[in-house]
Amino acid sequence: SQKIEQNSEALNIQEGKTATLTCNYTNYSPAYLQWYRQDPGRGPVFLLLIRENEKEKRKERLKVTFDTTLKQSLFHITASQPADSATYLCALGGGTDKLIFGTGTRLQVFP
Amino acid sequence: DGGITQSPKYLFRKEGQNVTLSCEQNLNHDAMYWYRQDPGQGLRLIYYSQIVNDFQKGDIAEGYSVSREKKESFPLTVTSAQKNPTAFYLCASTSTGLREKLFFGSGTQLSVL
């Protein structure tokens, strides 16, 4: 069955460093991948979408890569700030009307 | 401001009771979705609707029902047949299909008394 894996352990980094979150998938060939941010008790907020024919996408301090050979996406936050602390979800889509979400990785940026 | 409004924020269900979660959007989106979120699990799709008066089951539709009588509204009923209803419920919408971003509401936390 289709499976998405995000590191279930929290990622703790120091302010100013680059945070890198991983999304791995199996038994799936997505046409695109999305990343969302979710704060406690709130709904996810869309951040970036990257398509299968794109290697990299950037938006301000955010960068996403998509390697369909490795079946992996990396999500980078450069110059991280305490306000970046949240849970980040990846979601895969393509071919159907459904997105498949990962469990999310909690990021904690400390001063 | 455009957006998705879910209500109530917190809801308690007694055993054997049906409860309805509200979801309203003023984004003029055609497609609407209901997800369930449990700790340590990804969002799971309950039901979705791409057009008024039509909806499809998602991956975990058993024990739930929906209606789509208006474009703006997509209420979810958690029936007594849903034996484990405690979860965080999220409503979402999108304009032109899933290749675009989903807009989520702020969620409803449902608990069993």
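Chains as they are written, first to last, in the working numbering: chain H, 388 to 498; chain R, 2 to 114.
Ideal Cβ positions, reconstructed from N, Cα and C, are used throughout, including at glycine.
Self-check item: Closer than 9 Å at the beta carbon, the chain H residues around R/Ser-107
Solution: Chain H residues near R/Ser-107: Gly-428, Arg-429, Gly-430.
Quiz prompt | Buried/exposed call for R/Tyr-11, threshold 16 Cβ in 10 Å | solution = An exposed status is given to R/Tyr-11, since fewer than 16 other beta-carbon atoms sit within 10 Å of its beta-carbon.
Quiz item: Does DSSP put H/Ala-418 in a helix, in a strand, or in coil?
Solution: Reduced to three states, the DSSP call for H/Ala-418 is coil.
Exercise. Run down chain R in chain order and give the residues with a C-beta less than 9 Å from the C-beta of H/Ser-395.
Key: By Cβ distance, chain R contributes Gly-41.
Quiz item: Could one say the Cβ of H/Lys-485 lies closer than 8 Å to chain R's Cβ atoms, at least one of them?
Solution: At a cut-off of 8 Å between beta carbons, H/Lys-485 contacts chain R.
Exercise. Could you check if H/Arg-445 is buried or exposed, using at least 16 other CB atoms within 10 Å of its CB as the buried criterion?
Key: H/Arg-445 counts as exposed, since fewer than 16 other C-beta atoms from the protein chains shown sit within 10 angstroms of its C-beta.
Exercise. For R/Leu-12, go through chain H and note every residue whose CB falls closer than 7 Å to its CB, in chain order.
Key: What R/Leu-12 touches in chain H, judged by beta-carbon distance under 7 Å, is nothing: the nearest beta carbon there is about 14 Å away.
Quiz item: For the beta strand (DSSP E) that R/Tyr-37 lies in, which residues bound it at each end?
Solution: According to the sequence as given, residue 37 of chain R is Arg; it is not Tyr. Bounds of the beta strand (DSSP E) holding R/Arg-37 are 32 to 38.
Quiz item: Is the segment 18 to 35 of chain R in contact with the segment 62 to 72 of chain R, if contact means three or more CB pairs nearer than 8 Å?
Solution: Enough Cβ pairs lie closer than 8 Å, so yes.
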